[in-house]
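Engineer: This is the structure I want to talk about, given as C-alpha cells.
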Amino acid sequence: MTPSAHDTIVAPATASGGALAVIRLSGDEALAVCDRIFRGRRPLAQAQPYTLHYGRIVDTSDEPESGSSEQDVERTTSADIRPQQRERIIDDVVVSVFRTPHSYTGEDVVEISCHGSSYIVSEVLRLSLRAGARMARPGEFTERAFLAGRMDLSQAEAVADLIASSSQTAHALASAQMRGGYSDALKALREELVHLMSLLELELDFSEEDVEFADRSELRLTMQRLDTEIQRLRDSFSLGNALKRGVAVALVGAPNVGKSTLLNRLLGEERAMVSEIAGTTRDAIEETVDIDGVLFRFIDTAGLRRTNDRLEQMGIERTRAAIARAQILIHMHDAEALGSASVREEEVQVPPGGAQHTIEVVNKMDRCPDLTLPVGAIGLSAREGKGMEALRKALRKAVDTERLYQGDTVVSSARHYEALASAHLSLSRALEGLDQHLSTDLLSEELRSVLYYLGTITGEITTDEILGNIFSKFCIGK
Ligand code: GDP
C-alpha cells in the first residue's frame, strides 16, 4: 500500500547537539496533530499562516511511560488525589504555522522549535506519532515539494547539495541550481525539441502525400545547435563535480622530496607522517582544504620510485590510480637533487593521467637559495612555509570558475551528466539519420528519446525508481 500523498509526516529538521531543535510536520492534519500536543493561547487550527505561537508541548497520556516503576507508583497516588487527566510538560516551544499552498511542501506545515535536547526531540516525535503523524522518510518533505510542483526535480536535488555545500563555489553551484537557472536552460532546449517534433509529426500525418514541413537543412542546424548546448552542459560536469566534491590534487615526486611536509603545510596540521626514511608514505591520504572558495582534495601519495618492497609497490599502484583521477598534479622536485643526474635517475616518470594541470614545484629552496628555477616552476620551502602563497595562487588559478559566476549553467550531478550524455547520443544518431535520409518516424523517435532524457533531469518524466533513488539519499527532515 502506498501512503496517501497528504498523510501527515513528522521528522526532526536539525542535527542533534545544538541549543535549539526544529521538528517539522507536514500534511493535511499537521495543525490538528500539533494541537493535540501543544498548549498555546489559542488552538493552531485558528492560526493565520506565517505566524509564530508560544506555548508548551505536553504529554496528556494517562498511560505511564515504560521504564521507571517508581514514577508509576507516584502517578497512581497522585491520580487518586487529582482524577483529571494529567499533562506532563515536555518543553516551552515556539511553533511556526504555514498553510497550504504557500509552504515548503505545499501542504499545511508546522515547525516546532524546542530546546535541543535529544530527549525532548524524541518525546516531541513520540507524541506527534501518537497524535496521528507518521515518521517521514528521508527527503520526503522535499519529495512532496516536488510532487506539489513547488520545484522541479533538479531543484529538489539542489536542496541536498545546498545543505551539503562546504565551500563558496559548491554553494554557488547548488544555489544557482536551486533557483532554477539550470531548469530554465533545459526548458528552452526542450521547447525547441518539441517544436521540431511537432513539425516531423505533422509530416507523419500527411505521410501519403510525401510532404516535408520541416526543412531538412534547417532541421539539421537546429539539431546541431541543440547538440552543442547539450554537450556544453555535459562537459561542464567535470568542473561542477570537482567543485562539489573537491578538486583532486595529487602530490607526486621522488621519496623524501617533501610531499608529506608540503601536505601538512597546506592542511595546517600534522596529518601525514613525515619521516627521514625513504618510502614511509605508504597510503594515499586524502584531505580537503578550502582555497579562496574552492574545495581542494589533496592526495598525498607514496613516493614514486622503483622498489622491490611488496607493500611499497602496492602504495605505488595506488599512487598511479590517484594520479589517473587527479585534476591537478603538483610535481615536486628537490632543489638539491635538481642538478644531480644520479638522483634524477631514481625518480620514476610521472605516469600520464587525466590531470588537466601540472604545477612544477622545487622544494627545499632553503638549502639552495641561489638555485635558478626552471621556467614556470614555483620555489618552495615546505619546511619553513616559504612560497606557499604562490602555490596556493597557482592552484586556485588552475580551476576556472569564471563560468560559474558569469551565470553559465554548470552541471554537478552524475545523474544529470548521464542523462545529458544519453541525450547527446540520441541526438547524434538523429543527425546521422538525417544524412542517411532516415525515415521521418525513426527520426522523430530519436528526438523523442532526447526529449525523454532531458525530461528525466527536471522530472517532467519520472518513475518511482528515479524518485526513490534521489530522495533516499537525502537525510531525514529534508
Ligand atoms: P616525502 O617522502 O616526499 O613525503 O617527504 P617528507 O615530507 O617525508 O620529507 C622528507 C624529509 O625532507 C624530511 O626530513 C623533511 O623534514 C625534509 N624536508 C621537507 N621539506 C623540506 C624543506 O623545504 N627544506 C628542508 N631543508 N627539508 C625539507
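So the sequence shown is residues 977 to 1454, counted in this note's numbering.
Just so you know, even glycine gets a beta-carbon here, dropped at the ideal spot from N, CA and C.
According to DSSP, is residue 1012 helix, strand or coil?
Structural biologist: In the structure shown, residue 1012 sits in coil (DSSP, three-state: anything other than H, G, I, E or B).
Engineer: Which residue or residues does DSSP assign as beta-bridge partners of residue 1030?
Structural biologist: In the DSSP output, where bridge partners are listed per residue, residue 1030 has 1070.
Engineer: If you drop the 5 nearest sequence neighbours on each side, which residues of the same chain put their C-beta closer than 6 Å to that of residue 1124?
Structural biologist: Correct list, in chain order: 1082.
Engineer: Mind checking whether residue 1001 and residue 1104 have CB atoms under 8 Å apart?
Structural biologist: Going by C-beta atoms, residue 1001 is nearer than 8 Å to residue 1104.
Engineer: DSSP three-state call for residue 1232: helix, strand or coil?
Structural biologist: Coil.
Engineer: I'd like the list of long-range same chain contacts for residue 1206, defined as Cβ closer than 6 Å, with 5 residues on each side in sequence excluded.
Structural biologist: Only 1396, 1399 and 1400 meet the Cβ criterion.
Engineer: Apply the 10 Å Cβ neighbour rule to residue 1345 and answer buried if 16 or more other Cβ atoms are within range, or exposed otherwise.
Structural biologist: That one is exposed.
Engineer: Thinking residue 1394 and residue 1409 are a contact (beta carbons under 8 Å), I'd like their distance in whole angstroms, please.
Structural biologist: No, residue 1394 and residue 1409 are not in contact; Cβ-Cβ is about 23 Å, not under 8 Å.
Engineer: With distance defined between alpha-carbon atoms, name the residue in 987, 1091 and 1075 nearest to residue 993.
Structural biologist: Residue 1091 is the option with its Cα nearest to residue 993.
Engineer: Taking DSSP as the reference, what is the three-state secondary structure of residue 1170?
Structural biologist: If DSSP states are grouped into helix, strand and coil, residue 1170 belongs with the helices.
Engineer: For residue 1363 and residue 1244, I'd like the C-alpha separation in whole angstroms.
Structural biologist: The alpha-carbon atoms of residue 1363 and residue 1244 are separated by roughly 15 Å.
Engineer: Would you report the Cα separation of residue 1449 and residue 1312, rounded to the nearest angstrom?
Structural biologist: When rounded, the distance between both Cα atoms is 51 Å.
Engineer: Per DSSP, residue 988 forms a beta bridge with which residues?
Structural biologist: Answer is 999, bridged to residue 988.
Engineer: Bridge partners of residue 1362, per DSSP?
Structural biologist: Paired residue(s): 1357.
Engineer: Taking the continuous alpha helix (DSSP H) assigned at residue 1135, which residues delimit it?
Structural biologist: Counting along the chain, the alpha helix (DSSP H) containing residue 1135 begins and ends at 1129-1140.
Engineer: Leaving out the 5 sequence neighbours to the left and right, which residues in its chain are closer than 6 Å to residue 1266 when beta-carbon positions are compared?
Structural biologist: Answer for residue 1266: 1143, listed in chain order.
Engineer: Give every residue of the same chain whose Cβ lies closer than 6 Å to the Cβ of residue 1452, excluding the five residues on either side of it in the sequence, and list them in chain order.
Structural biologist: Within the same chain, residue 1452 has close Cβ partners 987 and 1114.
Engineer: For residue 1308, write down the residues that DSSP places opposite it in a beta bridge.
Structural biologist: Its beta-bridge partners are 1337.
Engineer: In terms of residue numbering, what span does the alpha helix (DSSP H) encompassing residue 1100 cover?
Structural biologist: Start and end: 1094-1106.
Engineer: Going by DSSP in three states, residue 1182 sits in which element: helix, strand or coil?
Structural biologist: Residue 1182 falls in the coil class under three-state DSSP.
Engineer: So is residue 1182 buried or exposed if we call it buried at 16+ other beta carbons inside 10 Å?
Structural biologist: Label assigned to residue 1182: exposed.
Engineer: In the DSSP assignment, find the unbroken alpha helix (DSSP H) run with residue 1206 in it and report its ends.
Structural biologist: Residue 1206 -> alpha helix (DSSP H) spans 1192-1211.
Engineer: Go through its chain and collect everything with a Cβ distance to residue 1447's Cβ below 6 Å, but skip five positions before and after it.
Structural biologist: 1115 and 1119, listed in sequence order.
Engineer: Name the residue from 1126, 1009, 1387 and 1095 whose alpha carbon lies nearest to the alpha carbon of residue 1086.
Structural biologist: Here the closest residue by C-alpha is 1009.
Engineer: Find the nearest neighbour of residue 973 within the set 1430, 991 and 1420, judged by alpha-carbon distance.
Structural biologist: The displayed coordinates of the chain run from 977 to 1454. Any statement about residue 973 would go beyond what the structure contains.
Engineer: Between which two residues does the beta strand (DSSP E) holding residue 1089 run?
Structural biologist: Residues 1085-1091.
Engineer: Residue range of the alpha helix (DSSP H) that residue 1404 falls in?
Structural biologist: Taken as a continuous stretch (DSSP letters only), the alpha helix (DSSP H) holding residue 1404 covers 1390-1411.
Engineer: Taking three-plus beta-carbon pairs below 8 Å as touching, is the segment 1332-1341 in contact with the segment 1303-1310?
Structural biologist: The segment 1332-1341 is in contact with the segment 1303-1310.
Engineer: Just the C-alpha distance for residue 1046 and residue 1223, rounded to the nearest angstrom, thanks.
Structural biologist: Its pLDDT being 42, under 50, residue 1046 is placed unreliably by the model, and nothing is read from it.
Engineer: In whole angstroms, what separates the C-alpha of residue 1433 from that of residue 1191?
Structural biologist: Those two C-alpha atoms are separated by around 30 Å.
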